[in-house]
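Quick notes on the structure that follows.
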Amino acid sequence: MIAYGVAGALILIAFYSDIRTRKISNGLTVTCFVFGLLVHLYLSGSNGLLFSLLGAAAGFVPMLMLYMSRAVGAGDVKLFAALGALIGTEVTLQLVFASLMAAGIVALLILLWRKELVVRGQRLLFSMFRIGVLHDREELRGVVRADGYLRFPFMWAVLPASIGLYFHMTG
Numbered sequence: 086m087i088a089y090g091v092a093g094a095l096i097l098i099a100f101y102s103d104i105r106t107r108k109i110s111n112g113l114t115v116t117c118f119v120f121g122l123l124v125h126l127y128l129s130g131s132n133g134l135l136f137s138l139l140g141a142a143a144g145f146v147p148m149l150m151l152y153m154s155r156a157v158g159a160g161d162v163k164l165f166a167a168l169g170a171l172i173g174t175e176v177t178l179q180l181v182f183a184s185l186m187a188a189g190i191v192a193l194l195i196l197l198w199r200k201e202l203v204v205r206g207q208r209l210l211f212s213m214f215r216i217g218v219l220h221d222r223e224e225l226r227g228v229v230r231a232d233g234y235l236r237f238p239f240m241w242a243v244l245p246a247s248i249g250l251y252f253h254m255t256g
């Protein structure tokens with residue numbers, strides 16, 4: 086279907102843009118969002134429009150929560166809303182999940198590459214102990230600080246997750 090082709094092109098363009106500029110264009114995401122709405126409306130009427138709107142919400146809501154916790158950027162939120170409008174709820178939620186799993190793998194590989202895995206792992210365990218066992222509320226304040234966090238373009242995870250999901254769906 087044409088919507089899947091547009092979704093694939095959107096992911097590739099967003100990947101290139103995010104790697105080069107650390108931004109995903111509003112023009113790109115809004116255009117694909119509107120295209121998704123219109124193509125599904127044209128193909129299936131009000132049911133298609135509902136399919137598209139529910140898909141957009143399925144991409145928007147979990148990514149907005151991640152954005153609010155500073156885990157992803159605003160462009161990623163809009164990207165997943167546009168993807169949802171194109172590919173619907175089920176595939177969008179699968180892509181969100183697969184992308185988060187891939188992001189964990191990317192982060193692990195970066196930590197291994199930088200030889201920081203043991204140090205950060207020890208810090209994490211110590212923080213969990215202070216929060217869980219000692220009920221140290223001060224430790225929770227450190228969780229929301231942005232300094233010292235590992236950051237990378239989320240598209241590093243979205244592209245391989247998309248490819249894996251594509252082969253899973255077609256194979």
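Using this note's numbering, the first residue of the sequence shown is number 86, and each one after it goes up by one. Built from N, CA and C at the ideal position, the CB exists for glycine as well.
Notebook entry, point to check: How would you label Ala231, buried or exposed, when you count the other beta carbons within 10 angstroms and need 16 or more for buried?
Noted result: One-based indexing of the sequence shown puts residue 231 at position 146. Reliability fails at Ala231, whose pLDDT of 47 lies under 50, so the model's placement of it is uncertain and the value that follows must be treated cautiously. Flag for Ala231 reads exposed.
Checklist line | Burial state of Phe252, where buried means 16 or more other Cβ atoms lie within 10 Å | finding: For the purposes of this step, residue 252 is taken as residue 167 along the sequence shown, with counting starting at 1. Under this definition Phe252 is an exposed residue.
Item checked: Buried or exposed by the 16-neighbour rule on C-beta atoms within 10 Å, applied to Thr114 -> In the sequence shown, residue 114 corresponds to position 29, counting from 1. Result: buried.
Check: Under 9 angstroms, do Gly169 and Phe145 count as touching if we go by C-beta distance?
Finding: For this step, residue 169 is matched to residue 84 along the sequence shown. For this step, residue 145 is matched to residue 60 along the sequence shown. Contact: yes.
Next item on the list: With Pro147 as the anchor, note down where its alpha helix (DSSP H) starts and where it stops.
Entry: One-based indexing of the sequence shown puts residue 147 at position 62. Segment 111 to 153, the alpha helix (DSSP H) holding Pro147.
Check: So what does DSSP say about Ala156, is it helix, strand or coil?
Finding: Taking the first residue of the sequence shown as position 1, residue 156 is located at position 71. Coil, per DSSP.
Notebook entry, point to check: Within this structure, are the beta carbons of Gly130 and Ser247 separated by less than 9 angstroms?
Noted result: Your numbering for residue 130 matches position 45 in the sequence shown. Your numbering for residue 247 matches position 162 in the sequence shown. No. Outside cutoff.
Check: So, is Trp198 buried or exposed, given that buried needs 16 or more other C-beta atoms within 10 angstroms?
Finding: In the sequence shown, the residue the question calls residue 198 occupies position 113. Classification of Trp198: exposed, given that the 10 Å Cβ count is below 16.
Next item on the list: Could you check what DSSP says for His253 in three-state terms: helix, strand or coil?
Entry: Taking the first residue of the sequence shown as position 1, residue 253 is located at position 168. Residue state, collapsed to three classes: helix.
Next item on the list: Give the secondary structure of Lys163 by DSSP, where H, G and I count as helix, E and B as strand, and everything else as coil.
Entry: For the purposes of this step, residue 163 is taken as the residue at position 78 of the sequence shown. Of the three classes helix, strand and coil, the one that applies to Lys163 here is helix, per DSSP.
Next item on the list: Excluding the 5 residues preceding and the 5 following Phe118 in the sequence, name in chain order all residues of the same chain whose CB lies nearer than 7 angstroms to its CB.
Entry: For the purposes of this step, residue 118 is identified with residue 33 of the sequence shown, where counting begins at 1. Here the set comprises Ala141, Ala166, Ala167, Ala170.
Notebook entry, point to check: Whose CA, out of Leu210, Ala188, Leu194, lies closest to the CA of Pro27?
Noted result: No information on residue 27 is available, as it lies outside the stretch 86 to 256 that the chain covers here.
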